Structure formats: structure tokens, C-alpha cells
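In our numbering, the protein residues as written are 4 to 203. Think of the CB as a built atom: it goes at the ideal place given N, C-alpha and C, for glycine as much as any other residue. Predicted model, so just to flag it, every value in this text is computed and none were measured. Okay, structure first, notes after.
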């Protein structure tokens, strides 16, 4: 089974949209302004969505080669929907890669259960790429100060501390009692990293 790339949506000319807005706005200009705004936002959003569709279609095709009943698998469908929803809200490639990997890993034999997967998708959506990068560095065997894992100039120390607090609050890392000088990735954090990382 192979999933085909979706056809490109038809493009409407700006003049057509403005004309439609103009007709609907007589005597007020509200509809015209709305049509103009829609045109400005529609292009970049559709471009982002089309890029994600291409990425996720490739991932689905990769999985479809392994699993005959993929499109009937409720866990996969949950992962697909969660990833697509989160992908619409970001341009950060690290997060898009994490979402793609999570979809690919959602039906693996060692995949987290469906509830944990839902939580992991929410974390990818909530976190920035910097959160994911810091957690990956800590999970990659980093030894020493947590500050060395994610060096930031003094002017951005509060940002780094917020990243650390967010990861600790999500129970993905344990921070030493003496402050933010050392941290260890928890079992939950390792499962999260495994879920959003490219399979070996």
C-alpha cells in the first residue's frame, strides 16, 4: 500500500478574492479587509501545511511497507492526528523532525502506550526546539554541569533556567539538590527521547 501525495489545492487569484470581498462589503469595507488578510495569511500557512503533508506522507508510506493494517490502527491514527495538529503550529525543524519520528515510532513493538504517546505529543507541541536540544544533550551521556550542556551568555541565563525548570516540571529530568549544577534524564525522559528520535 502506498499513500499518494495530496493534489495541490487550486489557487485563487487575489483579484478574485478582493472582488468577492468587495461585493460582500458594500457599503462597509469590512469584507474587503477580511479578504485581503485571508490572502496574506493563506499562502504561508498553506506552504507550511503542504511541506508537512509531504513529510508525513513519506513517513506513512515507510510504515505501510511494514504494516498491512496501518490505516486501521487506532494508535497510529491518534499519532498521525496529534503530530499533524502540532506541526501546523511550528516552523522549527527540530520539532517537525521529532513529530515525524514520533509517528514512525508510534506503532513500534516497544512504543509507549497510547496515553503516554498523547502526553509526549503535547510536550513536543509545548516545548521549544531548545528544550528538545537540551534534553537530547543530557540524554546523550553529558557529564558535568548542566550549564555546560547548554551554554548561554549571562544575559540569557534566565532562559536556560526556564528550560531546565520546564524539563524538570515535566519529570523528564531530575535536577541536583544544590541547584541547576547537574541533572539526570529520568526513565520517562529516556522514553520521550526514544519516542521522538529517529529509529536505529
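query	result
Beta-ladder partner(s) of residue 186, from DSSP	178
CB of residue 101 within 8 Å of CB of residue 199, strictly	yes
Sub-8 Å separation of residue 90 and residue 202 beta-carbons	no
Span of the alpha helix (DSSP H) around residue 87	77-90
Separation of residue 71 from residue 168, as counted between CA atoms	42 Å
Proximal residues to residue 193 (C-beta, below 8 Å), its chain only, five neighbours per side dropped	142
Cβ neighbours of residue 52 in the same chain (closer than 7 Å, five flanking residues each side left out)	91
DSSP three-state assignment for residue 48, whether helix, strand or coil	helix
Exposure of residue 96, with buried meaning 16 or more beta-carbon neighbours within 10 Å	exposed
Residue 134, DSSP secondary structure in three states	helix
Nearest candidate by alpha-carbon position, reference residue 133, set 54, 64 and 166	166
Residue interval of the alpha helix (DSSP H) (run including residue 69)	Run containing residue 69: none; DSSP gives neither H nor E here.
Cβ neighbour criterion (16 or more within 10 Å) applied to residue 180	exposed
Burial state of residue 187, where buried means 16 or more other Cβ atoms lie within 10 Å	exposed
Backbone CA spacing between residue 22 and residue 158 [nearest angstrom]	Low local confidence applies: a pLDDT of 44 at residue 22 is under 50, so the model's placement there is unreliable, with the coordinate-based value given in what follows. Going from the Cα of residue 22 to the Cα of residue 158 covers about 50 Å.
Cα-Cα separation, residue 109 to residue 98	16 Å
Simplified DSSP state of residue 93, which is helix, strand or coil	coil
Alpha-carbon to alpha-carbon, residue 149 and residue 17	Any reading at residue 17 needs caution, since the residue's pLDDT is 49, under 50, leaving its predicted position unreliable; the model's value is listed next. Going by the C-alpha atoms only, they are around 52 Å apart.
Residue interval of the alpha helix (DSSP H) (run including residue 171)	160-172
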